[in-house]
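Asker:
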Amino acid sequence: MLDKIKFRSIRLKMIAVIVIASIISTPLSSKLNAYVMDLVDVHKSFGIYINTIINLLIATIIVAIFTRWIIIKPLQTLLEATKKVAQGDLNVEVDFSRRVDDEISQLSVGFMQMADHLKTVVKKLNDTSDRITVSVDQLSANSENTALVSEQISAAIQGVAAGSEEQTNGMEKIAAAMNVVSIEIDDISRNTEIISNQSRINTSVAEEGENTVDRTVKQMDLIQNSVSQSDYSIQKLQEQTKEIGQFLTVITDIANQTNLLALNAAIEAARAGEAGKGFAVVAEEVRKLAEQSNESAQQIAELVNEIQKQTGDSVATMKHVIEDVQEGIIMTNETKEIFHRISQSMAEMNGQMEKILNGGKMISGSAGEVTAAVSAVSSIANLNSQNSMSVSAASQEQLASIDEVASSTKELAEVAEDLQKLTHIFKTS
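Quick note: the sequence shown uses UniProt numbering, first residue 1, plus one each step.
Encoded structure:
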């Protein structure tokens with residue numbers, strides 16, 4: 001019948017237990033008191049004390065039994081569960097399915113709810129610590145990689161800064177070189193213009209030379225004609241000297257015959273005596289004249305021979321002169337052709353020099369533009385160098401921040417390790 005009564009309070013239960021104990025203890029104490037009174041002759045007032053003591057003793061025993069059953073046993077069960085929880089075993093269970101809804105039952109339910117919540121929290125903490133450990137490992141690895149990459153970036157940026165500085169210096173050198181090149185190009189343009197003018201003059205000179213050679217060719221033709229006529233005249237002279245030689249031969253023969261006749265006349269005059277003296281004188285004079293004629297004829301013959309020899313030499317010389325004149329005409333024509341080619345080449349060279357001059361002017365203008373562009377690039381390279389130095393400083397600060405993150409990560413790893421140690425104390429499965 002007591003199992004069917006659902007008391008909501010331990011106090012009511014204890015009152016009920018006391019009432020029940022009083023109900024049970026009164027008849028029992030009366031029987032025990034009567035039994036004692038029968039055994040021992042005791043005064044009636046003392047019997048009342050004994051009855052009261054027995055009654056209290058029985059009531060106390062009954063109350064103790066019910067107290068153990070209602071309070072102590074559930075509390076012991078809850079205490080054992082509490083000890084297990086204190087030792088880290090969160091898998092405890094308190095069987096309160098048969099108990100009524102009193103304070104101890106509520107305490108047991110609250111304890112189990114607390115244990116379940118604590119178990120859930122520990123599981124979550126355990127999972128969280130595991131995830132934190134994994135995340136810390138990943139963060140540590142990422143921090144190391146990031147630090148390595150940042151160092152590489154810093155080194156690369158320093159290299160870029162150095163390269164930018166070198167580029168700036170190179171650009172300045174290029175700008176200076178371009179200025180020198182521009183000056184040289186201006187000089188080349190001026191020299192090219194001078195050469196072009198000189199080339200025009202040379203073209204004019206070549207044309208004049210060609211005209212002069214043309215006139216020379218014409219004059220050589222005239223000389224050839226004159227030489228040909230002279231050769232013809234010399235040949236005629238040679239033929240005439242041959243005729244003179246023939247005439248001299250006749251004269252010599254006549255002089256010899258005259259001399260012979262004078263000798264015969266002298267002989268005949270000597271035979272005639274006084275009568276032939278005058279004839280002898282004439283014969284002597286004729287003989288002398290014949291001898292003089294013979295001597296003159298010989299001298300003329302010698303002169304004619306010398307003239308023939310010289311005319312022969314002149315004819316041979318005139319042949320050589322004609323050949324030389326012909327060769328001179330050929331060479332003069334070749335010279336004329338060379339001057340003509342020179343004139344054409346000079347004309348072509350003038351065109352090329354004009355192109356070079358125009359190209360030099362364009363190059364000079366382009367060199368100025370290149371110099372301006374190089375100056376702009378140099379300014380940009382200088383700005384890039386400054387930006388690279390700024391980025392390098394930022395990278396150094398980032399490395400310092402990464403070191404701090406690594407230090408914090410290490411501390412977080414230690415905290416996660418401590419948290420895992422704490423959560424491993426509890427048994428959740």
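No residue lacks a Cβ here, since even glycine has one placed at the ideal position from N, Cα and C.
Answer yes or no: do valine 213 and threonine 332 have a C-beta to C-beta separation smaller than 7 Å?
Answerer: Within the sequence shown, residue 213 is the residue found at index 213, counting from 1. Within the sequence shown, residue 332 is the residue found at index 332, counting from 1. Closer than 7 Å, so yes.
Asker: Give me the residue from Glu327, Glu354 and Thr335 with the minimum Cα distance to isoleucine 223.
Answerer: What you label residue 223 is simply residue 223 of the sequence shown in a count that begins at 1. Nearest option by C-alpha distance: Glu327.
Asker: Quick check: what's the CA-CA separation for arginine 234 versus serine 343?
Answerer: Numbered from 1 along the sequence shown, position 234 holds the residue referred to as residue 234. Numbered from 1 along the sequence shown, position 343 holds the residue referred to as residue 343. Going by the sequence as given, residue 234 is isoleucine instead of arginine. One C-alpha to the other measures close to 42 Å.
Asker: Could you check which residue in Glu354, Leu248, Arg190 and Leu107 has the C-alpha nearest to that of asparagine 294?
Answerer: Along the sequence shown, one-based indexing puts residue 294 at 294. Cα-wise, what sits closest to asparagine 294 is Leu248.
Asker: Over the uninterrupted alpha helix (DSSP H) stretch that includes leucine 76, give me the two end residues.
Answerer: Translated into positions along the sequence shown, residue 76 becomes position 76. Reading off the sequence, residue 76 comes out as glutamine, not leucine. Taken as a continuous stretch (DSSP letters only), the alpha helix (DSSP H) holding glutamine 76 covers 73–86.
Asker: Would you decide whether lysine 119 is buried or exposed? Buried here means 16 or more other CB atoms lie within 10 Å of its CB.
Answerer: Indexing the sequence shown from 1 puts residue 119 at position 119. Per the 10 Å Cβ criterion, buried.
Asker: As a quick exercise: from Glu166, Asn225 and Ile195, pick the residue whose alpha carbon is nearest that of isoleucine 380.
Answerer: Counting from 1 along the sequence shown, the entry for residue 380 is found at position 380. Taking only the C-alpha atoms, the option nearest isoleucine 380 is Glu166.
Asker: Assign valine 85 to buried or exposed, taking buried as 16 or more other Cβ atoms, counted over all protein chains shown, within 10 Å of its Cβ.
Answerer: Mapped onto the sequence shown, residue 85 falls at position 85. Valine 85 is buried by the Cβ-count criterion.
Asker: In its own chain, which residues sit with a C-beta less than 7 Å from the C-beta of asparagine 256, not counting the 5 before and 5 after it?
Answerer: Stepping through the sequence shown from its first residue, residue 256 is reached at position 256. Here the set comprises Asn294.
Asker: Taking only the alpha-carbon atoms, compute the straight-line gap between valine 286 and alanine 262 and give it to the nearest angstrom.
Answerer: The residue you call residue 286 lines up with position 286 of the sequence shown. The residue you call residue 262 lines up with position 262 of the sequence shown. So the two alpha carbons sit approximately 6 Å from each other.
Asker: Rounding to the nearest angstrom, what Cα-Cα distance links glutamine 229 and glutamate 208 in this structure?
Answerer: For the purposes of this step, residue 229 is taken as residue 229 along the sequence shown, with counting starting at 1. For the purposes of this step, residue 208 is taken as residue 208 along the sequence shown, with counting starting at 1. Their Cα atoms are separated by approximately 31 Å.
Asker: How close, in whole Å, do the beta carbons of valine 304 and threonine 241 come, if the pair is a contact with beta carbons under 8 Å?
Answerer: In the sequence shown, counting from the first residue as 1, residue 304 sits at position 304. In the sequence shown, counting from the first residue as 1, residue 241 sits at position 241. Indeed, because the Cβ distance is near 5 Å, the residues count as touching under 8 Å.
Asker: Look at the Cβ atom of alanine 290, then the Cβ atom of threonine 258, and state whether they are nearer than 7 Å.
Answerer: Sequence index remark: in the sequence shown, residue 290 carries index 290 (1-based). Sequence index remark: in the sequence shown, residue 258 carries index 258 (1-based). In contact: alanine 290 and threonine 258 (Cβ atoms closer than 7 Å).
Asker: Is the distance from the Cβ of methionine 220 to the Cβ of isoleucine 329 below 7 Å?
Answerer: Against the sequence shown, residue 220 aligns to sequence position 220. Against the sequence shown, residue 329 aligns to sequence position 329. Closer than 7 Å, so yes.
Asker: If you count every other CB in all the chains shown that lies within 10 Å of the CB of glycine 183, and 16 or more means buried, which is it?
Answerer: Locating residue 183 in the sequence shown gives position 183, where the first residue counts as 1. It should be noted that the sequence gives isoleucine, not glycine, for residue 183. Classification for isoleucine 183: exposed.
Asker: Could you say which of Leu125, Glu80 and Leu383 lies nearest to serine 108 if we only look at CA atoms?
Answerer: As a position in the sequence shown, residue 108 is number 108, starting the count at 1. Of the candidates Leu125, Glu80 and Leu383, the one whose C-alpha sits nearest the C-alpha of serine 108 is Glu80.
Asker: Going by alpha carbons, who is nearest to asparagine 202 out of Gln298, Lys288, Asp187 and Ala347?
Answerer: As a position in the sequence shown, residue 202 is number 202, starting the count at 1. When only C-alpha atoms are compared, the closest one is Ala347.
Asker: Cα separation between glutamine 76 and isoleucine 20?
Answerer: To locate residue 76, count along the sequence shown from 1; it is residue 76. To locate residue 20, count along the sequence shown from 1; it is residue 20. Taking the straight line from one Cα to the other gives about 24 Å.
Asker: Quick one: is the Cβ of valine 180 within less than 6 Å of any heavy atom of the ligand FMN?
Answerer: The ligand FMN is not part of this structure, which contains no ligands at all.
Asker: Report yes if the CB atom of valine 315 is closer than 7 Å to the CB atom of valine 227, and no otherwise.
Answerer: Translated into positions along the sequence shown, residue 315 becomes position 315. Translated into positions along the sequence shown, residue 227 becomes position 227. Cβ atoms of valine 315 and valine 227: not closer than 7 Å.
Asker: Buried or exposed for alanine 270, please, with buried defined as at least 16 other CB atoms from any protein chain shown within 10 angstroms of its CB.
Answerer: Residue mapping note: residue 270 aligns to position 270 of the sequence shown, counting from 1. Answer is exposed; the Cβ neighbour count stays below 16.
Asker: Applying the 10 Å Cβ sphere with the 16-neighbour rule, what's the burial state of proline 74?
Answerer: For the purposes of this step, residue 74 is identified with residue 74 of the sequence shown, where counting begins at 1. Looking at its Cβ environment, which holds 16 or more other Cβ atoms inside 10 Å, proline 74 is buried.
Asker: Distance, Cα to Cα, asparagine 264 vs asparagine 225?
Answerer: Working through the sequence shown from its first residue, we reach residue 264 at position 264. Working through the sequence shown from its first residue, we reach residue 225 at position 225. Taking the straight line joining both Cα atoms gives about 57 Å.
Asker: Is it buried or exposed, isoleucine 62, if we count other Cβ atoms within 10 angstroms and call 16 or more buried?
Answerer: Your numbering for residue 62 matches position 62 in the sequence shown. Flag for isoleucine 62 reads buried.
Asker: Among the residues of its own chain, which have a CB less than 8 Å from the CB of lysine 319, if the five just before and after it don't count?
Answerer: Taking the sequence shown and counting its residues from 1, one reaches residue 319 at position 319. The answer, listed in chain order, is Asp231.
Asker: Among Ala64, Gly273, Gly110 and Thr67, which one has its Cα closest to the Cα of leucine 78?
Answerer: For the purposes of this step, residue 78 is taken as the residue at position 78 of the sequence shown. It is Gly110.
Asker: Just checking my contact of alanine 266 with glutamate 243 at CB under 8 Å: how many whole Å lie between their CB atoms?
Answerer: In the sequence shown, residue 266 corresponds to position 266, counting from 1. In the sequence shown, residue 243 corresponds to position 243, counting from 1. So it is not a contact: roughly 34 Å between Cβ atoms.
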